[in-house]
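Undergrad: Quick one: structure below, then a few questions.
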Amino acid sequence: MTTYLDFEKPISELEGKIMELRHLGDGDGVNIADEVGRLQQKVDRQIKATYAKLTAWQRVQVARHPERPHAKAYIGGLIEEFTPLAGDRAFAEDAAIVGGLGRFRGRPVAVIGQEKGDDTESRLKHNFGMVKPEGYRKAQRLMRMADRFGLPVITFVDTAGAYPGVDAEERGQGEAIAGSIELCLQLKVPLISLVIGEGGSGGALAIAAANKLLMMEHAVYSVITPEGCASILWRTADKAQEAAEAMRLTSDDLRKLGVCDGVVPEPAGGAHREPGTAVRAAGDAIEAELRVLGNLDPTALREARRMKFIGIGQLGL
Amino acid sequence: MNWLTNFVRPKLRALVARKETAENLWLKCPKCEQMLFHRDLDAAQQVCSHCDHHLRIPPAGRFPHLFDEGIFERHALPKVQLDPLKFRDQKRYTDRLKEAQAKNGAGSEAMAVASGKMGGHAAVIAVSDFGFMGGSMGMAVGECLLLAANLAVERKAPMIVFPASGGARMQEGILSLMQLARTSIAVSRVKEAGLPYIVVLTDPTTGGVTASFAMLGDIHVAEPGALIGFSGQRVIQDTIRETLPPGFQSAEYQFDHGMVDTIVHRHAMRETLIRITSLLMKRPAQAAAA
Chain A
1 MTTYLDFEKP ISELEGKIME LRHLGDGDGV NIADEVGRLQ QKVDRQIKAT YAKLTAWQRV
61 QVARHPERPH AKAYIGGLIE EFTPLAGDRA FAEDAAIVGG LGRFRGRPVA VIGQEKGDDT
121 ESRLKHNFGM VKPEGYRKAQ RLMRMADRFG LPVITFVDTA GAYPGVDAEE RGQGEAIAGS
181 IELCLQLKVP LISLVIGEGG SGGALAIAAA NKLLMMEHAV YSVITPEGCA SILWRTADKA
241 QEAAEAMRLT SDDLRKLGVC DGVVPEPAGG AHREPGTAVR AAGDAIEAEL RVLGNLDPTA
301 LREARRMKFI GIGQLGL
Chain B
1001 MNWLTNFVRP KLRALVARKE TAENLWLKCP KCEQMLFHRD LDAAQQVCSH CDHHLRIPPA
1061 GRFPHLFDEG IFERHALPKV QLDPLKFRDQ KRYTDRLKEA QAKNGAGSEA MAVASGKMGG
1121 HAAVIAVSDF GFMGGSMGMA VGECLLLAAN LAVERKAPMI VFPASGGARM QEGILSLMQL
1181 ARTSIAVSRV KEAGLPYIVV LTDPTTGGVT ASFAMLGDIH VAEPGALIGF SGQRVIQDTI
1241 RETLPPGFQS AEYQFDHGMV DTIVHRHAMR ETLIRITSLL MKRPAQAAAA
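For the protein sequence lines, the chains are A and B, in the order given.
The first sequence begins at 1 in this note's numbering and counts up by one.
The second sequence begins at 1001 in this note's numbering and counts up by one.
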């Protein structure tokens, strides 16, 4: 069962018709191929037209689509010999962060991703991708290890934000994020981040203060969720759509602002329609960036990363 | 929602807004509700003489009490791009900025940087101004910390920061988030030069500021009773639907949970900072320079 977003109603109706026709066709052998083909073309056109002019809020919805490929899909599709590693060595294992070692297109790397989960059970297990301090400290542990062994670090960003809870505060959520950002900016190995869905605030930046920040076409990246922004500045979360527009959180706006270094095109209708294609395209983009960064020596890698962030803020829209 | 109220009125208000006069000579302590005379309160660095509550205090109120003989140089803030997102919520961001500057002084922002001597040695201090849009961190605050770090490295001086902020400045969108990274770089520059980076957590230190430069100190000092935390209390309550433990996110709570080295009374702050920095800088012992 495909989940349709509210603005995809015309698409869902057409695809519903196709399904019905196919169902009929199974029964009495009527030749419906022509009709299905015609409808399919119509759907394709409709999808292209809809997705060519998504509003910021619609992008947020696509970025949060329940069937959208999550970190595990990217790791599964791109990382061979993946060896998950766990725990922060201080308090606990946090499954909101999946990470470990593996081989990306032949080369050993460290991988860190925020995983939201795909069904109720796994969503609970991964805490909906909301990371606790132990998760950030585990990410730090993996980054330090990568740095020691000269392995590039690839991160997949997908979180609404760091977990806001009493237990997270007790264990220093702020310190854990701050330490993680600081460490990202100290690494002497290539660090490449890809926002695959939602890049939510400091909780995302903690693993994304990278040499190159890539975004999937329909991913979003912002200082707070549109709902959060609306409830602070408009005093009601109902204004989330307006907030989404004002915040400039889409991949094209962030590219213009110099925050995003590259956009990975998604299949028509979003990454969830053809996850394999989306993941492969992401891999190609990461590989291209990695090839360039591979020519820099360790100190230059760190300096280039820092200078990129120092320079951010000069460009306007 | 019309042209008159949204455009003309804020502009007029920005033009005619006077500096707030001290028409209220008496102030009520927000904690014990005792009435305090403004001159006494100024002399006591905004500490309540009845219950010792530390009231919020702007940069101009802090600097004279921190540097030797109250002598210091306040540094002009680097220029930043104004409103690159062309952000407007119920008001234009540029109008909000104008109002804040009319209230807090031309050229001001949510942080101020000063340098001078503490205990006879060079020191650089950056102080948040909570009165300026809630001390929120935008590009200007990022530049303040980079400026302070450069000054500290240039003068081989310790860098001391007093955050007081609600977090990132929403109106600068993603560019405010980028300040978490930029301020971390500023801190790294000081640390890598072998200089102390001291944070004095003051009321309130929350959000993106807590998730960056405020939690990266070699030493974390806190003022008593200060609110210090990452997530807002309302957000936490809405998420977990639990009542919060008593004293949650207070300086004392953060001390108990290992996030703060020491809680220091405002009246002992200068002397404490001089002692800490001179120990870290391996300076010879000397008679306390009060």
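We put the CB at the ideal spot given by N, CA and C, even for glycine.
If you're wondering where the values come from, they're calculated on a predicted model, not measured in any experiment.
CB G1194(B) to CB L1085(B), shorter than 8 Å?
TA: no
Undergrad: Taking a Cβ distance cut-off of 8 Å, strictly less, list which residues of the segment 1020-1048 of chain B are near chain A, in chain order.
TA: none
Undergrad: How far does the beta strand (DSSP E) with W1026(B) in it reach, from first residue to last?
TA: Taken as a continuous stretch (DSSP letters only), the beta strand (DSSP E) holding W1026(B) covers 1026-1028.
Undergrad: By the criterion of Cβ-Cβ separation under 8 Å, what are the contact partners of Q314(A) in chain B?
TA: Q1081
Undergrad: From which residue to which residue does the beta strand (DSSP E) around Q1254(B) run?
TA: Not the beta strand (DSSP E): Q1254(B) falls in the alpha helix (DSSP H), residues 1251-1256.
Undergrad: Does A1289(B) get closer than 8 Å to chain A when you measure Cβ to Cβ?
TA: Low per-residue confidence applies at A1289(B): pLDDT is 48, beneath 50, and the placement is therefore not dependable enough to give any value.
Undergrad: Could you tell me the boundaries of the beta strand (DSSP E) in which V1113(B) lies?
TA: 1111-1118
Undergrad: Count the other CB atoms, across all protein chains shown, that sit within 10 Å of the CB of I1160(B); report buried if there are 16 or more and exposed otherwise.
TA: buried
Undergrad: Applying the criterion that 16 or more other CB atoms from any shown protein chain within 10 Å of the CB defines a buried residue, is L1145(B) buried or exposed?
TA: buried
Undergrad: Taking 8 Å as the threshold (C-beta atoms), are S1136(B) and S1165(B) in contact?
TA: yes
Undergrad: Any residues in the segment 1162-1182 of chain B with a beta carbon nearer than 7 Å to a beta carbon of chain A? Which ones, in chain order?
TA: The residues in question are A1168, M1170, G1173, I1174, L1175, S1176, L1177, M1178, L1180, A1181, R1182.
Undergrad: Quick test of your reading: R171(A) and P133(A), contact by CB under 8 Å. State the CB separation rounded to the nearest angstrom.
TA: 4 Å
Undergrad: Between the Cα of D119(A) and those of V111(A), A110(A), L214(A), G129(A), spot the shortest distance and give me the residue it belongs to.
TA: G129(A)
Undergrad: Anything in chain B within Cβ reach of M341(A), meaning under 7 Å, just list it in chain order.
TA: For chain A, the structure presents residues 1 to 317; residue 341(A) sits outside this window and is missing.
Undergrad: Starting from T1210(B), find everything on chain A with Cβ-Cβ shorter than 7 Å and list it in chain order.
TA: Near T1210(B) (Cβ distances below 7 Å), the residues of chain A are G174.
Undergrad: Report all residues from its chain with a CB closer than 8 Å to the CB of E20(A); omit the five preceding and five following residues, and keep chain order.
TA: none
Undergrad: Work out the CA separation of D284(A) and G1105(B) for me, nearest whole Å.
TA: If you draw a straight line from the Cα of G1105(B) to the Cα of D284(A), it is about 52 Å long.
Undergrad: Apply the 10 Å Cβ neighbour rule to Q1171(B) and answer buried if 16 or more other Cβ atoms are within range, or exposed otherwise.
TA: The residue is buried, with at least 16 neighbouring Cβ atoms inside 10 Å.
Undergrad: Using a Cβ cut-off of 7 Å, which residues of the segment 1127-1138 of chain B contact any Cβ in chain A, in chain order?
TA: For the segment 1127-1138 of chain B, the set of positions with a beta-carbon nearer than 7 Å to some beta-carbon of chain A is empty.
Undergrad: Taking the beta strand (DSSP E) that H1121(B) falls in, what are its first and last residues?
TA: 1121-1128
Undergrad: What is the rounded straight-line gap between the Cα of D1298(B) and the Cα of Q1249(B)?
TA: Past the edges of chain B, shown from 1001 to 1290, lies residue 1298(B), and the structure says nothing about it.
Undergrad: Sorted by chain position, which residues of the same chain lie with C-beta nearer than 6 Å to M215(A)'s C-beta, five sequence neighbours on each side aside?
TA: Within the same chain, M215(A) has close Cβ partners V195, S251, C260, V263.
Undergrad: At 7 Å on the CB atoms, spell out the chain A contacts of P1204(B), in chain order.
TA: Using a Cβ-Cβ cut-off of 7 Å, P1204(B) is close to nothing in chain A; its nearest Cβ partner there is about 12 Å away.
Undergrad: What beta strand (DSSP E) runs, 3 residues minimum, are completely inside the segment 79-129 of chain A?
TA: 79-84, 97-104, 107-114
Undergrad: Residue range of the beta strand (DSSP E) that Y1197(B) falls in?
TA: It spans 1197-1201 - the beta strand (DSSP E) in which Y1197(B) sits, taken as one unbroken run.
Undergrad: So, for C1051(B): in the same chain, excluding its five sequence neighbours on each side, which residues have a beta-carbon less than 6 Å away from its beta-carbon?
TA: If we look at C1051(B) and ignore the five residues flanking it on each side, its Cβ neighbours are K1031, C1032.
Undergrad: Along chain A, in chain order, which residues have C-beta atoms closer than 8 Å to that of S1231(B)?
TA: A162, P164, G165, A168, E169, Q173
Undergrad: When the Cα atoms are used, what is the spatial distance from G269(A) to R45(A)?
TA: Taking the CA atoms as reference points, G269(A) sits about 10 Å from R45(A).
Undergrad: Using the C-alpha atoms, what's the distance from G1142(B) back to Q1081(B)?
TA: 12 Å
Undergrad: Just by C-beta distance, which residues in the segment 1088-1118 of chain B are closer than 8 Å to chain A?
TA: R1088, D1089, Q1090
Undergrad: By Cβ distance below 8 Å, which residues in the same chain neighbour T1243(B) in space, the five residues on each side in sequence not counted?
TA: Q1237
Undergrad: Would the segment 79-99 of chain A and the segment 294-301 of chain A be scored as touching if the rule is three or more Cβ pairs under 8 Å?
TA: no
Undergrad: Use the C-beta contact count for K212(A): other C-beta atoms within 10 angstroms, 16 or more gives buried, fewer gives exposed.
TA: buried
Undergrad: I'd like to know if G32(A) contacts chain B, where contact means its C-beta is closer than 8 Å to some C-beta of that chain.
TA: The residue you asked about is not Gly; residue 32(A) is Ile in the sequence shown. Judged by the 8 Å Cβ criterion, I32(A) is not in contact with chain B.
Undergrad: Just the chain B side, please: which residues come within less than 8 Å of W57(A) by C-beta, in chain order?
TA: Those do not exist, as W57(A) stays about 15 Å from chain B at its closest Cβ, beyond 8 Å.
Undergrad: Please report the residue range of the alpha helix (DSSP H) in which F7(A) lies.
TA: Element bounds for F7(A): n/a, residue is neither H nor E.
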